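Student: In terms of the UniProt record's numbering, the sequence shown opens at residue 1 and continues consecutively.
Glycine included, C-beta positions come from ideal geometry on N, C-alpha and C.
Only a predicted model underlies this, so the values are computations on that prediction, with no experimental measurement involved.
Structure provided below as C-alpha cells; questions to follow.
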Amino acid sequence: MDKKDIIEKNLRLVLEERGYYDVGKNTFEILLSYATGAITDEVFINSVGKEIEETDLEYISYLYFPERKKPATLEVNQANLDEKIKQNLKVKEQFMLETLKKQHNIDEQIALNIAKFFKKDGTPKFVETEYIYNRKGKVSEVNKTLNNNLFSKYLAEKYPLLDVSKIHYFYDNGVYKEKLYNEIRIIIREELETLGDTFVNTKVINDLQTLWLLNRKVATSPDDLNAQPVLINFKNGILNVATLELMPHSPEIKTTVQINANYNPNAEPVYFKDFFDFTFPKESLQRLVWQILGYSLSSYHNNKKRFIIFHGDKDRGKSLFLNVTLNALLPKSARTHRDLHSFTTDRFATADLYGKTVNINGELSADTIKNTDVLKILTGEDGINAQRKNGQPFEFVPTAKYLFAANTLPTISDQDTTSAFYERVIIIPFTQKVIYKDRSLGSNIIKHDLDYIATQAILALNYLINNNFEFDIPSEIQDIIHTYEEENNSVLNFVNTVCEVDPTAFMLVSDFMKIYKQYCEVELEQDPKIQKQVKKILQMQFGVNVNYRYKSIRGYMKGIKINIEELNKFQLTQNQRNNL
C-alpha cells in the first residue's frame with residue numbers, strides 16, 4: 001500500500017469518526033488532494049479536521065447529530081474550498097512547525113529554518129530516491145542517495161554551530177555552549193543513522209564535517225562572540241538593556257553567556273532583600289553595589305574597568321553575597337577564580353581570562369603586591385599578550401571584571417608614582433557581623449530570588465549606561481580608597497600628615513628626605529622610597545617643582561614645606577630630632 005492509499009484510508013476513517021458517512025465523490029477527491037499535499041499524517045488529520053469545521057454552516061449544520069443514524073453527506077463548492085485552503089495556509093504551516101519541533105526536539109526558530117529542507121509529504125529533500133520497475137510495472141528496487149551539500153546545509157540550520165579558532169560552540173536553549181571537538185562527528189553519525197545504516201561510513205562523515213565547517217554561517221571570528229554588550233541573554237529571552245525590550249532567543253545572536261534567571265520587572269524578593277539591607281545599611285552603598293552587579297553581569301568592558309574588593313572581617317557575609325549573586329547567576333564557562341596576586345606572579349594566569357565575564361576570588365591574600373603594572377594593563381582598553389601552559393602565545397582584550405573578597409587589604413609595595421592603580425579600585429566595606437547564621441539562607445536565595453537579583457542588577461546597569469558608566473561612589477567609599485592609598489604610599493602619608501603644600505615655600509631636597517626617612521622609620525615602620533621616586537610623586541601628585549634653584553644653587557624644591565607643629569606630635573627621639 002503506497003502513501004496515497006494510506007492517506008485515502010486515513011481520510012475515510014477521520015470522516016467517519018466525525019460523523020461523515022457518505023461524502024460525495026467530488027468532495028472526497030478535493031479533500032484527498034488537500035491531504036496528499038500535507039506534510040505528515042498528523043498534519044493531514046488536523047488540517048482536514050480544521051477545514052471541515054470551517055466549511056459554511058449551511059452545508060454541515062445537520063452533520064453534528066450522529067444520533068439520527070442517517071448517512072451524513074457533505075457537499076463543498078470547489079472555489080469555496082480552494083479559498084479556505086488558501087486562507088488556512090498559515091494554520092497548515094503552524095501544524096508543520098509543531099510537527100518538526102516535536103519530531104526533532106527543536107525550538108520554533110530552528111523549525112522554521114529547516115522546514116525548507118522537507119517536501120510537502122514530509123520526506124527530506126536531501127535524500128534522492130530512485131525507483132527501478134520490472135517488466136510488469138512493479139517496483140523491483142529502490143535506490144537512495146544522499147545529497148551531501150544539501151544535507152550539510154540542513155545540519156548547519158538544525159544545529160547552529162560556531163567554529164571559533166577550532167573551538168566549537170553549539171546552540172542550546174538560547175545560548176551557544178562549548179562542546180567537545182568530536183561532537184560534530186557524533187551528530188553527523190546520529191543523523192545519518194536516522195536515514196538508514198547504508199549512509200553511515202567514515203568517508204561520508206568526513207565529507208559532511210568538511211562541508212559543514214566550510215559553511216559561512218559556521219566560521220566565526222572571536223570578535224563576533226558576545227559582540228553586542230547591549231544584549232543580555234536571560235533564560236526567557238534576549239534583553240536590550242538600553243531599551244529594556246525583551247526579544248525571543250535567536251541563533252543569529254551569538255552569545256555564549258546566559259544569565260541563570262528570567263528577566264522579570266515584577267519579581268519580588270523572598271529572602272534576599274533582608275540580607276541585602278542588613279549587609280549594606282546605607283542606600284547610597286546599595287545603589288553602588290547594584291551598579292557593580294549589573295556591570296559585572298554584562299560584557300561591557302571598554303569603560304571603567306575596575307578591581308572590586310569586598311573588605312571586612314570574618315563572618316560579614318562577603319562569600320555568601322558573591323555565591324548568591326554572580327556565582328549563581330553566571331555559568332561556570334563565564335567565570336574564573338584567580339587570586340589577584342597570581343596575575344603578577346604567574347605568567348600563565350592572564351590566559352584564564354580569555355572569554356570570561358568575571359574573575360571572582362573569595363579569599364584575597366594580604367600578601368604584598370610588588371608590581372601593579374600587569375593589574376593596570378588588565379583594566380585598560382588595550383589587548384594583552386597571554387599564553388597557556390605548553391601553548392602558543394596569543395593576544396586578546398580582557399573583558400572580565402575583577403571581584404575579590406578580603407579580610408585584610410593587600411599591601412601595595414610598588415614603584416609606581418601615580419594613583420593609576422587606586423583609581424581602578426573600589427572597596428566595598430562589609431561591616432555588619434552575622435550573629436545568627438542561617439545555613440539555608442544561601443540555597444533559599446538561589447531557589448527563590450535569582451530573577452529579582454538579576455533584574456534589579458540589570459536595571460542598575462541601564463542607569464549606569466545612561467550615566468556614561470560613571471559609578472555613584474559615595475564619599476565614604478572615596479575616603480576608604482584614599483586612606484588605602486595613603487597606607488601604601490609613604491610619601492602621600494608623609495605629605496598629608498606632616499607637610500603643607502605652599503606655592504611660595506621652598507626647602508632643600510636633602511632636608512625633606514631626612515625628615516621623610518625618619519618618619520617612615522618611626523611612624524610607619526617601613527622602608528622609605530628612594531629619592532627619585534619621592535621627587536616624582538611630589539611632582540606628579542602635588543605639583544612641586546623638584547628641580548628648583550635658590551639663588552642659582554641646585555638641590556632645592558619649591559611648593560612644599562614641613563609643618564613643624566605637626567612634626568612635633570610624633571614620637572621622635574631627641575637624637576633623631578637633632579639629626580633633622
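Would you mind giving the Cβ-Cβ distance between Asn488 and Ile412, rounded to the nearest angstrom? I have them listed as a contact below 8 Å.
Tutor: As a working note, residue 488 is residue 488 in the sequence shown. As a working note, residue 412 is residue 412 in the sequence shown. About 4 Å; that satisfies the 8 Å criterion.
Student: Can we say the segment 262-281 touches the segment 445-454, given the rule of at least three CB pairs closer than 8 Å?
Tutor: Touching, yes.
Student: Which value, in whole angstroms, describes the spacing of the CA atoms of Ile515 and Ile480?
Tutor: As a working mapping, residue 515 is identified with position 515 in the sequence shown. As a working mapping, residue 480 is identified with position 480 in the sequence shown. Looking at the two C-alpha atoms, the distance is approximately 27 Å.
Student: Just reading off the alpha helix (DSSP H) that Ile465 is part of, what are its end residues?
Tutor: For the purposes of this step, residue 465 is taken as the residue at position 465 of the sequence shown. Looking at the DSSP string, the run of the alpha helix (DSSP H) that includes Ile465 is 450-466.
Student: Within the same chain, show all residues whose beta-carbon is closer than 8 Å to that of Ser140, passing over the 5 residues directly before and after it, in chain order.
Tutor: Here the question's residue 140 lines up with position 140 in the sequence shown. If we look at Ser140 and ignore the five residues flanking it on each side, its Cβ neighbours are Ile132, Tyr133, Asn134.
Student: Which first and last residues belong to the beta strand (DSSP E) in which Val425 is found?
Tutor: Within the sequence shown, residue 425 is the residue found at index 425, counting from 1. Run containing Val425: 425-429, per the beta strand (DSSP E) assignment.
Student: For Val546 and Lys536, what's the separation of their Cα atoms in angstroms?
Tutor: Position 546 of the sequence shown, counting from 1, holds the residue named residue 546. Position 536 of the sequence shown, counting from 1, holds the residue named residue 536. Val546 and Lys536: Cα-Cα distance of roughly 8 Å.
Student: Go to Arg388, then tell me how far its alpha helix (DSSP H) extends in each direction, as first and last residue.
Tutor: For the purposes of this step, residue 388 is taken as residue 388 along the sequence shown, with counting starting at 1. Careful: Arg388 lies outside any alpha helix (DSSP H) and carries neither H nor E.
Student: Less than 8 Å between the beta carbons of Gly442 and Val324, yes or no?
Tutor: Looking up residue 442 in the sequence shown gives position 442. Looking up residue 324 in the sequence shown gives position 324. Yes. Within cutoff.
Student: Give the single residue among Tyr169, Phe348, Ser152 whose Cα lies nearest to the Cα of Asn208.
Tutor: Counting from one through the sequence shown, the residue named residue 208 turns up at place 208. The identity of residue 208 in the sequence shown is Leu, whereas the question assumes Asn. Comparing Cα-Cα distances from Leu208 to each of Tyr169, Phe348, Ser152, the minimum goes to Ser152.
Student: For Pro251, I'd like the list of residues in its chain whose CB is within less than 6 Å of its CB, leaving aside the five on either flank, ordered along the chain.
Tutor: Taking the first residue of the sequence shown as position 1, residue 251 is located at position 251. Only Pro160, Tyr171 meet the Cβ criterion.
Student: Quick check on Glu51: does DSSP put it in helix, strand or coil?
Tutor: Start at 1 with the first residue of the sequence shown, and residue 51 comes out as number 51. Caution is warranted here: a pLDDT of 48 is assigned to Glu51, below 50, making its placement in the model unreliable, and no coordinate value can be reported.
Student: Determine the extent of the beta strand (DSSP E) in which residue 631 is found, giving its start and end residues.
Tutor: Nothing about residue 631 can be reported from this structure: the residues present for the chain run from 1 to 580 only.
Student: Taking DSSP as the reference, what is the three-state secondary structure of Asn174?
Tutor: On the sequence shown, position 174 is the one that residue 174 refers to. According to the sequence as given, residue 174 is Gly; it is not Asn. Coil, per DSSP.
Student: Beta-carbon within less than 7 Å of Phe512's beta-carbon, same chain only, minus the 5 sequence neighbours each way: which residues are those?
Tutor: Along the sequence shown, one-based indexing puts residue 512 at 512. Correct list, in chain order: Met557.
Student: Quick one: is Asn568 buried, meaning 16 or more other Cβ sit within 10 Å of its Cβ, or exposed?
Tutor: By one-based count along the sequence shown, residue 568 stands at place 568. Label assigned to Asn568: exposed.
Student: If we call anything under 8 Å between Cβ atoms a contact, is Gly312 one with Thr431?
Tutor: Residue 312 sits at position 312 when you count from the first residue of the sequence shown. Residue 431 sits at position 431 when you count from the first residue of the sequence shown. Their beta carbons are under 8 Å apart, which means Gly312 touches Thr431 by this criterion.
Student: On the premise that Phe199 lies in contact with Tyr154, defined as a C-beta separation below 8 Å, what is that separation, rounded to the nearest angstrom?
Tutor: In the sequence shown, residue 154 corresponds to position 154, counting from 1. In the sequence shown, residue 199 corresponds to position 199, counting from 1. Incorrect: roughly 13 Å between the Cβ atoms, too far for contact.
Student: Assuming Leu288 and Ile473 make a contact with CB atoms under 8 Å, what is their CB distance in whole Å?
Tutor: Counting from 1 along the sequence shown, the entry for residue 288 is found at position 288. Counting from 1 along the sequence shown, the entry for residue 473 is found at position 473. Sure, about 6 Å apart at Cβ, within 8 Å.
Student: For Gly122, which three-state DSSP category applies?
Tutor: One-based indexing of the sequence shown puts residue 122 at position 122. Three-state result, Gly122: coil.
Student: Between the Cα of Lys532 and those of Val509, Phe343, Phe394, spot the shortest distance and give me the residue it belongs to.
Tutor: One-based indexing of the sequence shown puts residue 532 at position 532. Of Val509, Phe343, Phe394, the residue nearest in Cα terms is Val509.
Student: When the Cα atoms are used, what is the spatial distance from Val217 to Asp224?
Tutor: In the sequence shown, the residue the question calls residue 217 occupies position 217. In the sequence shown, the residue the question calls residue 224 occupies position 224. What sits at residue 217 in the sequence shown is Lys, not Val. Distance between the alpha carbons of Lys217 and Asp224 is about 12 Å.
Student: May I ask you to report which of helix, strand or coil DSSP gives His482?
Tutor: Start at 1 with the first residue of the sequence shown, and residue 482 comes out as number 482. DSSP places His482 in helix when its eight states are reduced to three.
Student: Rounding to the nearest angstrom, what Cα-Cα distance links Leu464 and Ile453 in this structure?
Tutor: The residue labelled residue 464 in the question sits at position 464 within the sequence shown. The residue labelled residue 453 in the question sits at position 453 within the sequence shown. Cα to Cα, Leu464 sits roughly 16 Å from Ile453.
Student: CA-CA distance, Gly267 and Val491?
Tutor: As a first step, residue 267 is located in the sequence shown; it is residue number 267 there, counting from the start. As a first step, residue 491 is located in the sequence shown; it is residue number 491 there, counting from the start. Note on identity: in this sequence residue 267 is Ala, with Gly being the wrong assignment. Cα-Cα distance, rounded: 51 Å.
Student: Could you have a look at Ile412 and say whether DSSP puts it in helix, strand or coil?
Tutor: Walking along the sequence shown from the start, residue 412 turns up at place 412. Strand, per DSSP.
Student: Here's a check: name, in chain order, each residue in its chain whose Cβ is nearer than 6 Å to the Cβ of Lys144, leaving out the five neighbours to either side.
Tutor: Translated into the one-based positions of the sequence shown, residue 144 becomes position 144. The answer, listed in chain order, is Val127, Thr129.
Student: How long is the line joining the alpha carbons of Val534 and Tyr263, rounded to whole angstroms?
Tutor: If you number the sequence shown from 1, residue 534 lands on position 534. If you number the sequence shown from 1, residue 263 lands on position 263. Looking at the two C-alpha atoms, the distance is approximately 52 Å.
Student: Exposed or buried, which one is Asp502 when buried takes at least 16 other CB atoms within 10 Å?
Tutor: Along the sequence shown, read from residue 1 onward, the residue named residue 502 stands at position 502. Asp502 is exposed by the Cβ-count criterion.
Student: By alpha-carbon positions, which one of Gly174, Gly543, Tyr484, Asn236 ends up nearest to Gln109?
Tutor: One-based indexing of the sequence shown puts residue 109 at position 109. The option with the nearest alpha carbon to Gln109 is Gly174.
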